[in-house]
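Before any comments, here is the structure.
Residue numbers (my numbering): 16 to 177.
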């Protein structure tokens with residue numbers, strides 16, 4: 016399987032998880048032992064985040080940035096579970112989220128290797144910005160209009176250091 020197909024799977028998983036969190040927050044909160052209004056609202060918001068993450072991945076499955084967004088969401092999930100486990104340990108849900116995080120990281124790194132878009136792993140030829148068009152002269156940071164004349168500063172004399 017290719018990283019893109021794994022990414023599509025993660026997108027579908029995100030949609031499914033998001034639908035469950037939006038549609039049934041009370042059931043999830045009960046399973047976590049946190050059946051109160053704040054927990055249900057948090058679960059609904061996390062579900063909305065999952066739906067957006069899944070939609071983003073399905074729209075562009077080869078972009079690793081979308082999968083890295085899932086990794087950031089997993090970090091939020093783990094932080095929320097850590098706060099919720101102050102009274103009662105939630106090892107099962109934490110292990111589930113950690114497993115999803117590992118899968119997300121593996122897929123994101125594979126997409127990075129394939130496309131080199133976000134976090135290239137191999138030290139290759141450094142990327143250089145494209146050359147400016149021939150009609151653009153001067154520094155790329157100038158703010159003058161293209162047709163305005165400008166003058167180059169005189170060269171700075173170099174000194175020999177002994």
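Ideal Cβ positions, reconstructed from N, Cα and C, are used throughout, including at glycine.
The structure presented is a predicted model; accordingly, all values stated were derived computationally and were not measured.
{"Item": "From 17, 104, 34 and 25, residue whose alpha carbon lies closest to that of residue 47", "Value": "104"}
{"Item": "For residue 173, the first and last residue of its enclosing alpha helix (DSSP H)", "Value": "Counting along the chain, residue 173 falls outside any alpha helix (DSSP H), and DSSP gives it neither H nor E."}
{"Item": "Segment limits, alpha helix (DSSP H) that includes residue 92", "Value": "79 to 99"}
{"Item": "N- and C-terminal bounds of the alpha helix (DSSP H) containing residue 113", "Value": "106 to 130"}
{"Item": "Sequence-distant residues of its chain with Cβ nearer than 8 Å to residue 75 (five each side left out)", "Value": "81"}
{"Item": "For residue 30, the nearest candidate out of 40, 100, 64 and 18 (CA to CA)", "Value": "64"}
{"Item": "Where the alpha helix (DSSP H) through residue 181 begins and ends", "Value": "The structure shown does not extend to residue 181, since the chain is modelled only from 16 through 177, so no value can be given for it."}
{"Item": "Rounded straight-line distance, which links the Cα of residue 169 to that of residue 113", "Value": "60 Å"}
{"Item": "Where residue 137 sits in the DSSP three-state scheme", "Value": "In this prediction, residue 137 has a pLDDT of 48, which is less than 50 and means its spatial position is unreliable; what the coordinates show is noted afterwards. In the structure shown, residue 137 sits in coil (DSSP, three-state: anything other than H, G, I, E or B)."}
{"Item": "Test item: CB-CB of residue 24 and residue 73 under 7 Å", "Value": "no"}
{"Item": "Cβ-based neighbour list, residue 88, same chain, cut-off 8 Å, excluding 5 preceding and 5 following", "Value": "61, 64, 65 and 68"}
{"Item": "Backbone CA spacing between residue 109 and residue 40 [nearest angstrom]", "Value": "17 Å"}
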